[in-house]
Amino acid sequence: MCPSPKILDDWLTGTLDRLTGLLKPHTPSSRPSHHSQPWWTPHLTILHREYHKAARLARKQGTSALRETANLSSRGYFKAIKVVKNKHWSSFLLSATPQNLWMAKRFASGLAPPHFPSHPGAETPQEMNKALMGHFFPPKAACSPPPRLRPQCSAPPLTTEEIAHALSKSSSSSAPGPDGITYLTWKRVNAINPSILLEILFLLVSLGYHLALLKGANGVVLDKPGKLSYESPFSFRIILLLRTVSNILERIIAARLLLAARSRGLIHRNQCGSLPGLSTCDACLTLMNDVKTLQWPRLKVSSLFLDIKAGFDNVDNSTLACILGEGGIFRYLVSWVASFLAERSCMRVFQGAPGTPAPVNVGAPQGTPISPLLFLIYVSPLHFRSPQGLMLSCVDDFTLTTASLSYRGNIRRLQEPFMTIQGKAVRLGISFSILKTQLIH
Numbered sequence: 000m001c002p003s004p005k006i007l008d009d010w011l012t013g014t015l016d017r018l019t020g021l022l023k024p025h026t027p028s029s030r031p032s033h034h035s036q037p038w039w040t041p042h043l044t045i046l047h048r049e050y051h052k053a054a055r056l057a058r059k060q061g062t063s064a065l066r067e068t069a070n071l072s073s074r075g076y077f078k079a080i081k082v083v084k085n086k087h088w089s090s091f092l093l094s095a096t097p098q099n100l101w102m103a104k105r106f107a108s109g110l111a112p113p114h115f116p117s118h119p120g121a122e123t124p125q126e127m128n129k130a131l132m133g134h135f136f137p138p139k140a141a142c143s144p145p146p147r148l149r150p151q152c153s154a155p156p157l158t159t160e161e162i163a164h165a166l167s168k169s170s171s172s173s174a175p176g177p178d179g180i181t182y183l184t185w186k187r188v189n190a191i192n193p194s195i196l197l198e199i200l201f202l203l204v205s206l207g208y209h210l211a212l213l214k215g216a217n218g219v220v221l222d223k224p225g226k227l228s229y230e231s232p233f234s235f236r237i238i239l240l241l242r243t244v245s246n247i248l249e250r251i252i253a254a255r256l257l258l259a260a261r262s263r264g265l266i267h268r269n270q271c272g273s274l275p276g277l278s279t280c281d282a283c284l285t286l287m288n289d290v291k292t293l294q295w296p297r298l299k300v301s302s303l304f305l306d307i308k309a310g311f312d313n314v315d316n317s318t319l320a321c322i323l324g325e326g327g328i329f330r331y332l333v334s335w336v337a338s339f340l341a342e343r344s345c346m347r348v349f350q351g352a353p354g355t356p357a358p359v360n361v362g363a364p365q366g367t368p369i370s371p372l373l374f375l376i377y378v379s380p381l382h383f384r385s386p387q388g389l390m391l392s393c394v395d396d397f398t399l400t401t402a403s404l405s406y407r408g409n410i411r412r413l414q415e416p417f418m419t420i421q422g423k424a425v426r427l428g429i430s431f432s433i434l435k436t437q438l439i440h
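Everything in the sequence shown is counted per numbering that gives the first Met the number 0, starting at 0 for the first residue and increasing by one.
This is the structure:
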């Protein structure tokens with residue numbers, strides 16, 4: 000008999016919490032790079048040691064002579080730092096080259112202070128947190144919870160090679176999520192005992208289930224550079240940081256889903272971006288080749304560029320499950336994707352944030368390894384064969400290209416495929432941004 004989701008969540012949460020408690024003391028903290036203080040000298044190390052030694056003695060014994068010695072040591076230490084910094088800066092400017100000239104300008108200008116998110120009518124951190132929540136994650140109809148857990152016979156066994164490959168694709172310097180455990184720690188754990196991750200993740204794969212604990216994320220609010228005003232939430236963006244063990248599982252599922260989706264035609268051959276071996280450069284070169292080919296018989300060529308508005312946020316869980324199920328994807332993958340997208344939560348991180356998680360319904364969450372693939376499968380039905388022109392896409396950007404004897408004729412020829420793709424988009428619950436739509440002759 001298969002356990003209920005709550006029992007499984009409680010058991011796996013307790014297991015991961017105990018494991019996190021064991022790993023936390025051994026998780027390496029980031030150390031300053033040797034490039035961060037290139038002006039530091041061995042003489043400053045000696046002065047630094049003497050300064051702290053004198054300060055400790057002055058605090059411990061408190062005599063006037065020791066306090067005077069500590070003050071003299073402090074003034075000498077910080078004066079030496081100022082002299083060494085000025086000397087290093089002068090030497091850097093004298094040896095400046097065209098390659099590092101702009102670096103010198105950035106050093107002289109200094110870093111711009113971070114901007115604090117603001118919203119009309121929001122005065123307290125709690126009000127600001129609620130306003131940012133409504134901006135980044137507008138309320139939608141909640142996803143239906145996944146059905147009762149059942150063992151998935153179609154799920155092939157998880158292998159240590161899959162886990163090792165997923166870890167090799169993960170950067171050791173990536174910021175961790177709420178648990179603070181880095182990829183470097185998991186790499187060392189897997190090298191010592193591969194069965195730890197294998198036993199935890201195999202249970203989730205075999206049941207087609209994503210643990211509720213792994214759906215929580217820290218949403219770091221960052222300001223967008225170069226904005227004229229920071230009085231609106233539109234001048235900020237949010238970066239989601241999930242638990243690294245969740246990202247490891249997502250990479251494994253993404254690799255399996257990509258193989259199955261390609262073999263069953265759920266990814267169109269004209270889709271580029273977020274796919275192995277197909278980048279933005281491939282999309283640009285393909286478009287350039289199509290244009291040059293159409294221009295060869297002296298035809299006039301026009302391209303209509305479309306951008307999906309808030310693409311990832313508008314992925315509907317039930318519609319995606321239907322696309323995967325009707326496409327012949329294994330049942331355990333469909334079940335896992337439905338569980339992954341349902342009942343997520345996020346805790347905003349900004350200066351003065353209350354630090355309380357809140358439920359969100361965001362479609363496919365950005366910043367996860369599998370979300371780009373889910374989005375590509377979701378928008379694949381937008382592609383169709385048109386006698387009026389050619390279609391190409393790169394993630395959420397679509398291009399319709401046509402050719403005729405005149406540019407006016409191209410505009411008329413583009414209207415039919417545009418109405419077709421717009422109708423398909425409406426059925427998927429997505430739309431194109433008018434501000435980002437461009438027509439190029």
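Where is the CB? At the ideal position from N, CA and C, for every residue including glycine.
Just so it is clear, the structure is predicted and the values come from calculations on it, not from any experiment.
Q | Collapsed DSSP secondary structure at T62 in the structure displayed | A | coil
Q: Please name the residue, chosen from G422, S72, V394, T436, that lies closest to T44 on a Cα-to-Cα basis.
A: S72
Q: Determine the closest residue to S432 out of I237, R407, L303, with distance taken between C-alpha atoms.
A: L303
Q. Buried or exposed: which applies to E230, given that a residue is buried once 16 or more other Cβ atoms fall within 10 Å of its Cβ?
A. exposed
Q | Alpha-carbon spacing of A121 relative to D178, whole angstroms | A | 30 Å
Q: Leaving aside the five residues before and after H47 along the sequence, list all residues of the same chain whose C-beta is less than 8 Å from its C-beta, in chain order.
A: Y76
(Q) Within a Cβ cutoff of 7 Å, which residues of the same chain sit near V83, ignoring the five residues on either side of it in sequence? (A) W38, T40, L43
Q. For P275, does the count of other Cβ atoms within 10 angstroms reach 16, so buried, or fall short, so exposed?
A. exposed
Q) Considering only residues of the stretch 282–362, which uninterrupted beta strand (DSSP E) runs meet the minimum length of 3 residues and lie entirely inside it, listed in chain order? A) 299–306, 343–348, 357–359
Q) At a cut of 8 Å, does the stretch 384–393 reach the stretch 410–423 through at least three beta carbon pairs? A) yes
Q | When L293, M346, A254 are compared against S301, the one with the closest alpha-carbon | A | L293
Q | Neighbourhood of P193 by C-beta distance below 6 Å, restricted to the same chain and skipping five residues each side | A | T159
Q. For D178, which of helix, strand or coil comes out of DSSP?
A. coil
Q | Straight-line gap, A337 to K168 (C-alpha atoms, nearest Å) | A | 24 Å
Q. Where do the ends of the alpha helix (DSSP H) carrying G441 lie?
A. No information on residue 441 is available, as it lies outside the stretch 0 to 440 that the chain covers here.
**Q.** 8 Å contact criterion, which C271 and L277 should meet: CB distance rounded
**A.** 4 Å
(Q) Using a Cβ-Cβ cutoff of less than 6 Å, which residues in the same chain neighbour F136 once the five nearest sequence positions on both sides are dropped? (A) V359, V361
Q: Can you give me the Cβ contacts of S245 inside the same chain, cut-off strictly under 6 Å, excluding the 5 residues immediately before and after it?
A: L213
**Q.** Coarse secondary structure for S278, derived from DSSP in three states
**A.** coil
Q: Please state if the CB of K291 and the CB of Y406 are separated by a distance shorter than 7 Å.
A: no
Q: Give the C-beta separation of A69 and A57 to the nearest angstrom, bearing in mind that I take them to be a contact with Cβ-Cβ under 8 Å.
A: 4 Å
Q) Who pairs with C271 in a beta bridge, going by DSSP? A) C393
Q.
With a threshold of 7 Å on Cβ separation, who are the neighbours of S525 within its own chain once the five nearest residues in sequence on each side are excluded?
A. The structure shown has nothing for residue 525, since the chain only spans 0 to 440.
Q.
Taking only three categories from DSSP, how would you classify A216?
A. strand
Q. What whole-angstrom Cβ distance do L239 and A216 have, given they're in contact under 8 Å?
A. 4 Å
Q) Which one of L372, S234, L166 has the shortest CA to CA distance from R255? A) L372
**Q.** chain D contact for M127 (CB, 7 Å cutoff)
**A.** Going by chain labels, chain D is absent from the structure shown, which holds only one protein chain.
Q. Who are the near neighbours of L203 in its chain, counting only those whose CB is closer than 7 Å to its CB and skipping five residues on each side?
A. H209, L210, L248
Q) Considering only residues of the same chain and omitting the five flanking positions on each side of P116, which have a CB-CB separation below 7 Å? A) M127, L131, V220, P232, F235, F349
(Q) If you reduce the DSSP assignment to three classes, tell me which class I376 lands in. (A) helix
Q | Cα-Cα separation, T436 to F374 | A | 20 Å
Q) In the structure shown, what three-state DSSP assignment does F136 receive? A) coil
Q) How long is the line joining the alpha carbons of L391 and E325, rounded to whole angstroms? A) 24 Å
Q.
Between G351, T398, G176, which has its C-alpha nearest K23's C-alpha?
A. G176
Q.
In the DSSP assignment, the alpha helix (DSSP H) including I252 goes from what residue to what residue?
A. 243–262
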